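The structure under discussion appears below in the form of structure tokens.
In my numbering, the protein residues as written are 157 to 588.
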């Protein structure tokens with residue numbers, strides 16, 4: 157009996173130990189699972205544009221995040237879009253539901269652009285008051301909260317509101333300096349005109365109006381005193397007004413003459429000029445190269461005679477092209493016609509004062525600078541003048557004398573830097 161009880165007792169002990177170990181194991185597993193489950197953060201919130209970090213889903217910084225697996229690929233979630241993402245996380249055979257909230261709580265940013273404008277000017281678009289506008293989401297609305305006072309001069313602050321699609325608002329202060337415009341527009345290019353009865357006059361040709369702030373000041377021309385049927389001298393008034401009401405005016409004199417019987421229409425002159433230009437000019441030439449070829453052609457193809465018809469510039473130029481003879485006036489007008497056709501701005505300069513003989517030459521604009529040109533032949537001087545500055549022209553002594561007196565205030569000042577070292581007169585080529 158004692159042996160039986162001993163065996164049974166040992167069996168009971170073994171069963172008890174096994175059950176105890178099993179209970180402890182189950183308890184351990186349950187505790188382990190509960191521990192990991194309690195370590196999981198069920199709701200994570202991040203700002204738009206932020207990177208999703210696995211560590212955010214766990215409370216303990218010691219946790220091995222690489223062991224966790226998510227039912228959604230975190231790298232494929234677009235964090236630039238506010239949204240709710242529900243998923244499941246698995247770690248050490250523990251699964252738990254989690255939610256990711258992507259929110260936009262940051263307002264748009266910008267750089268303020270201070271405004272300096274004139275009273276009575278139109279209020280600038282609000283988008284001109286800010287730059288570098290940024291937000292994680294687009295579009296971004298920009299609007300005035302307060303309106304600038306444009307009725308008088310003042311220094312003030314105008315408030316502008318920037319708002320993104322999530323309703324985040326940034327209100328910025330824009331300094332506004334409103335000043336009064338007292339400067340009148342500037343009229344340039346209005347000059348005395350000479351025409352023939354019956355001509356079509358282009359009063360606006362070469363006339364420009366600029367203003368310190370108004371991009372489009374209004375120009376009016378009063379030619380009501382002109383009688384196009386009668387020879388005489390008439391006053392024409394140019395008036396410019398800007399948006400602030402500032403006004404400037406300039407008078408010119410229009411001299412009308414009876415058209416000479418020998419008059420030649422401009423288009424006939426330009427047609428003759430094109431015949432020559434087609435032979436000496438190529439499309440790849442610069443303005444400087446074109447002008448050089450033109451002056452040289454005139455110098456050696458229009459031969460000097462003591463007298464020619466100067467009743468009009470077109471008559472003289474036409475005779476120069478067709479007869480190949482003429483005075484200095486002819487040379488200047490032939491050059492003028494060819495410069496006009498190739499688009500080179502030019503003016504006619506005349507000797508003033510003069511005692512025995514008048515003289516005429518050309519002033520041309522190349523690369524924004526003005527230069528003197530003269531193709532007229534001289535005794536004992538076989539060359540010609542091309543792209544001289546004022547000082548070079550004053551120092552010229554062809555055939556021992558100068559003769560280039562003119563009233564400087566009537567013409568634009570020439571360039572101050574010489575280009576003569578770049579010119580080959582024998583071939584009319586420019587060195588670059």
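Glycine residues also receive a C-beta, built at the ideal position from the N, C-alpha and C atoms. Computed from a prediction, not measured in an experiment: that's the story for all the values here.
Looking at C-alpha atoms only, which residue of the options is the closest neighbour of residue i?
{"i": "residue 443", "options": "298, 494, 474, 421", "result": "494"}
{"i": "residue 414", "options": "578, 351, 196, 524", "result": "351"}
{"i": "residue 237", "options": "529, 295, 245", "result": "295"}
{"i": "residue 331", "options": "268, 356, 369, 358", "result": "268"}
{"i": "residue 402", "options": "291, 341, 306, 290", "result": "341"}
{"i": "residue 379", "options": "395, 272, 365", "result": "395"}
{"i": "residue 218", "options": "201, 196, 233, 317", "result": "196"}
{"i": "residue 229", "options": "447, 207, 292", "result": "207"}
{"i": "residue 214", "options": "205, 199, 227", "result": "199"}
{"i": "residue 251", "options": "357, 360, 226", "result": "226"}
{"i": "residue 322", "options": "297, 338, 307", "result": "297"}
{"i": "residue 278", "options": "234, 371, 366, 359", "result": "371"}
{"i": "residue 400", "options": "308, 291, 547, 531", "result": "308"}
{"i": "residue 573", "options": "540, 527, 259, 550", "result": "527"}
Can you have a look at residue i and say buried or exposed, based on whether 16 or more other CB atoms are within 10 angstroms of its CB?
{"i": "residue 428", "result": "buried"}
{"i": "residue 487", "result": "buried"}
{"i": "residue 285", "result": "buried"}
{"i": "residue 502", "result": "buried"}
{"i": "residue 204", "result": "buried"}
{"i": "residue 482", "result": "buried"}
{"i": "residue 583", "result": "exposed"}
{"i": "residue 266", "result": "buried"}
{"i": "residue 194", "result": "exposed"}
{"i": "residue 181", "result": "Legend: pLDDT at residue 181 = 49, less than 50; position of this residue unreliable, value from coordinates given subsequently. Exposed, because fewer than 16 other Cβ atoms sit within 10 Å of the Cβ of residue 181."}
{"i": "residue 383", "result": "exposed"}
{"i": "residue 545", "result": "buried"}
{"i": "residue 347", "result": "exposed"}
{"i": "residue 187", "result": "Since pLDDT at residue 187 reaches only 45, below the 50 mark, its modelled position is unreliable, and the value read off the structure follows with that caveat. Exposed, by the Cβ-count rule."}
{"i": "residue 432", "result": "buried"}
Please check the pair residue i and residue j, which I expect to be a contact at CB under 8 angstroms, by giving their CB distance rounded to whole angstroms.
{"i": "residue 480", "j": "residue 459", "result": "6 angstroms"}
{"i": "residue 212", "j": "residue 245", "result": "Incorrect: roughly 11 angstroms between the Cβ atoms, too far for contact."}
{"i": "residue 419", "j": "residue 471", "result": "6 angstroms"}
{"i": "residue 280", "j": "residue 271", "result": "6 angstroms"}
{"i": "residue 324", "j": "residue 261", "result": "7 angstroms"}
{"i": "residue 374", "j": "residue 345", "result": "Between residue 345 and residue 374 the Cβ distance is about 16 angstroms, and since that is not below 8 angstroms, they are no contact."}
If you measure between the beta carbons of residue i and residue j, is that distance less than 8 angstroms?
{"i": "residue 333", "j": "residue 311", "result": "yes"}
{"i": "residue 302", "j": "residue 257", "result": "no"}
{"i": "residue 567", "j": "residue 519", "result": "yes"}
{"i": "residue 147", "j": "residue 387", "result": "Nothing about residue 147 can be reported from this structure: the residues present for the chain run from 157 to 588 only."}
{"i": "residue 425", "j": "residue 474", "result": "yes"}
{"i": "residue 452", "j": "residue 540", "result": "yes"}
{"i": "residue 477", "j": "residue 369", "result": "no"}
Report task. Check whether the region 545-562 touches the region 501-511, counting contact only when three or more Cβ pairs, one atom from each stretch, lie closer than 8 angstroms. Result -> With the cut-off at 8 angstroms, the region 545-562 and the region 501-511 touch.
Using 8 angstroms as the Cβ pair cut-off and three pairs as the minimum, do the region 437-457 and the region 306-322 touch? As far as the Cβ criterion goes, the region 437-457 does not touch the region 306-322, which means the pair count is below three.
Would you say the region 520-539 touches the region 461-475, given that touching needs at least three Cβ pairs under 8 angstroms? Pairwise C-beta distances place the region 520-539 out of contact with the region 461-475, as fewer than three of them are shorter than 8 angstroms.
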